[in-house]
Amino acid sequence: MRVLGQFSAEVAGRPVDLGAPLQRAVIARLVCAGGHVVSTDRFLDDLWQGRPPPKALGALRVYVSNLRRVLEPDRAPRTPATVLVSAPPGYLLQLDTDAVDAWRFPRLMNAAVAFLNDGEPAKALHTVDTALSLWRGPAFAEFAHDDWAAPEASRLAELRAMAVEYRAEAGLALGCHAEIVPELERHVAAHPLRENAVRLLALAYYRSGRQAEALAALRTTRAMLADELGVDLGPALRGLEVDILTHSDALGVPEAGSAPARLTAPPAAPPAAPPAAPPAAPPAGPPSQMIGRTVELGRLASAAGEAERGFRVAWLGGDPGAGKSTLADALLRQLGDEGWQVAVGRCPETLGGVPPAWAWREVLRSLFVVQPPSRELEVRLGPLLTADSPQVGQFWLAQAVGDYLETAPGPLLLVLEDVHRADDATLQLLRHLAARLADIPVLVLLTHRPAEASDDLVAARAALAVQAAEDVTLQGLGEDDVHRLLLERSGMEVDADTTRTVTERTGGNPLFVAETARLLATEGASAAHSLPPGVRDLIRRRIARLPATAQTTLRNSAVMGRDADVDVLVAVQDADEETVLAGLEAGVLAGLLTEPSPGRVRFTHVLVRETLYEDISRLRRTRLHARVLAALERVRPGDVGALGYHALAAATTATAGAAAEYAGRAAAQASGVYAHREAVTLLEGALDASTSEPSPWTTSGWICCAVWSPRGRARAT
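Position 626, counted from 1, in the sequence shown is what the numbering used here calls 610; the numbers after and before it change by one each time, with no gaps.
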């Protein structure tokens, strides 16, 4: 049995036909159970999504009988089955562990871990390669849309990710540092928040003589963890970063001249789909390669050209997850390859307890590794590099930084990330250096979130206007780039409709797209309509930064839909017009709302609206829909469609009749413009509402007339 990819089975070495989809699902469900009994009730619920037809039990028995003939073709009539076995209260699959790839894979992984713990990396490597060779695509790929398969598919996908990391551990132990880098780059790109994977990649970089890339990998992960989860690197990565900066002997670089063991290429995974339509392979090269943003990268490269003639700054703005760090990394690599010295500093999210000008400390410490300062400069720079405040003698301290940067043998690219969080000392030092290094080839790239700019940052931008070479604000990716990102991160082909849906829902935000791709890899195309947990948490953090009244306004807007009429919103909210408008303006400034036309607001992403809406309790939602309905009756009585929608959403036993009436009118309007599917949906809601009314016949009769009127029958086509 093979479920690690396209589902298939062999009997006596020959492929067998497992039959129709539901019949195949029976045997796959037993594989998913791992040799345990699956009850007939569970089968009926799982195979028919909780709605088994009247003869479902009979159909299940037929499927089992057919499968037994396929799996045991030589079994004599009326003898007990030995593979697909009856076991009250259902059935179980009775096979050796090695007969099912999904059962064999964890056993091999346990053996590999034992070899690693026993100090036998060569045996561990061979065992992991054998385990990975079992994979031909996503686990239970054929059943990605079935709820019963998703947990087991996720568990196996996690084990596979661990296998790649065990393989890297074995490779590092064998001295094959450079050889494992490409595989780890692909792995980290697919799982950017796996800190152990990042640790292994950084260690492999360092042991391969690529210290700058090792530090860049750690910095990228720090930025992503902060943006997505609001946390810093874990202890292991923080310790590794210190070890790299200090060239610690604990990193265990092999002695010069030692010959590492030979590491063969990882086993290739055949395509999960039949040859006639194989899934697209990930693009060549490391998946961490930037997707899109070529125009923006060109603009920043042009700013670097200007900086060769003297000090320049470039601004790079965008919402969380827009790809600022990725684009900055691309510029770092490009200019580093051209001979520039590069360094990065990051403004921490929490300023309490953090020494002033922390970003500049990180920049200087990074540069010191390549170009140590003279003893005299080291003394002058001491206040900045220790816990002492640089406010004392700030001018002389800035002069010392300028003197040090002047000694750089070539042009400098200094990246200060998240300057919307920068303290006064960081910005004052930047302004001083702009004047002090006017004729020195230095480009300072400043990444920021426009919606969170402080007054100090606005003042700094104005003061640096003369030195500004470029100002780039990242927008969402287009459909083509979204498709490429989905393909790379999910490892599966994605059709045009799914791509369009994801683009619309995420607004092309690369982080949102990447999180959706992770769901696609485990849940299939239906995940395009899901809200990834990481994205939900990120959106919640952005909303939480707004004033309480603004949050209330956004929640009310979410109840109205992705688009909201401001006049209706003012009528809904129990506040004066100025409070509502101030709340909407806060949402616009935070990048959560746009103004597509006068008097209307729109959520920038469907995901923003869904997060707000789903966080409202059902009871409160119903009452808010009722308030929207009342406001529409006063302000927009002719908006039949909106009245119908909110009437149904607000329906209670007491208001069921009115809800059915509104929904019926909206359905008639939809039918009149041949929107038959929408009409059917509204009519079904109207009928559901009318059944709660003590005297439903008038309303139900009116609905039937609407359905069968000469204007056309409302049919789903």
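By construction, the Cβ of each residue, glycine as well, lies at the ideal position given by its N, Cα and C atoms.
DSSP, read as helix, strand or coil, puts His432 in strand. Sixteen is the threshold: since fewer than 16 other Cβ atoms of the shown chains lie within 10 Å of the Cβ of Gly462, the residue is exposed. Ranked by Cα distance from Met274, the first of Leu316, Ala154, Val403 and Ala287 is Leu316. In the structure shown, the three-state DSSP call for Phe587 is strand.
In this structure the region 431 to 446 does not touch the region 468 to 477; the number of beta carbon pairs closer than 8 Å is below three. For Asp549, the beta-bridge partners assigned by DSSP are Arg584. In this chain, Val69 is not harboured by any alpha helix (DSSP H); it is covered by the beta strand (DSSP E) spanning Leu68 to Ala71. Burial state of Leu495 is buried, judged by a 10 Å Cβ sphere holding 16 or more other Cβ atoms. In its chain, beyond the 5 residues on either side, Ile275 have a beta carbon closer than 7 Å to the beta carbon of Arg468. Comparing alpha-carbon positions, the option among Ser232, Ile600, Arg194 and Ala548 lying closest to Asp623 turns out to be Ala548. For Ala96, no beta strand (DSSP E) segment is defined; the enclosing uninterrupted segment is the alpha helix (DSSP H) at Asp85 to Asn101.
DSSP places Thr457 in the uninterrupted beta strand (DSSP E) bounded by Ala452 to Thr457.
Under a 10 Å Cβ-count criterion, Ala(-4) is classified as exposed, with fewer than 16 other Cβ atoms of the shown protein chains found around its own Cβ. Per DSSP, the beta bridge partners of Pro(-1) are Glu(-6). Contact annotation: Arg349 and Glu454 have beta-carbon atoms that are not nearer than 8 Å. In terms of Cα proximity to Glu197, the closest of Arg296, Asp58 and Glu225 is Glu225.
Note on geometry: alpha-carbon atoms of Ala137 and Ala86 lie some 10 Å from one another. Per DSSP, the beta-bridge partners of Arg330 are Glu401.
For Gly34 and Leu55, the gap between their C-alpha atoms comes out near 28 Å. Annotation for Thr457: Gly301, Gly302 and Pro434 place their beta carbon closer than 7 Å to its own, counting only its chain and skipping 5 residues before and after.
By the Cβ rule, the region 35 to 51 does not count as touching the region 162 to 169, because fewer than three pairs are nearer than 8 Å. For Leu199, the closest of Arg525, Ala327 and Leu627 by C-alpha to C-alpha distance is Ala327. Look at Arg415 here: in three-state DSSP terms it is helix. Between Gly305 and Asp211, the beta carbon gap of about 6 Å places them in contact (Cβ cut-off 8 Å). Spatial neighbours of Ala633 in its own chain (CB-CB distance under 6 Å, excluding positions within 5 residues in sequence) are listed in chain order as His609. Around the beta carbon of Asp558, fewer than 16 other beta carbons lie within 10 angstroms, which makes this residue exposed. Cβ-Cβ distances below 8 Å link Glu153 to Leu100, Pro105, Ala108 and Leu184 in the same chain, with the five nearest sequence neighbours on each side left out; the list follows chain order.
Going by beta carbons, Pro332 and Arg420 fall outside the 8 Å limit. Look at the beta carbons and you see the region 118 to 128 not touching the region 148 to 163: under three pairs across the two are nearer than 8 Å. Here the C-alpha atom of Leu118 lies approximately 28 Å from the C-alpha atom of Asp58. Exclusion of the five residues before and after Arg611 leaves Val556 as the residues of its chain whose Cβ lies within less than 7 Å of its Cβ. Annotation: the region 279 to 322 contains the following complete segments of the alpha helix (DSSP H) (minimum length 4 residues), in chain order: 308 to 321. Just so you know, the alpha carbons of Arg194 and Ser309 end up roughly 20 Å apart.
Taking the Cα positions, Leu576 is about 52 Å away from Pro73.
Taking a C-beta distance under 8 Å as the contact criterion, Leu213 and Val182 do not qualify as a contact pair. The count of Cβ pairs closer than 8 Å, one atom from the region 520 to 539 and one from the region 560 to 578, reaches three, so the stretches are in contact.
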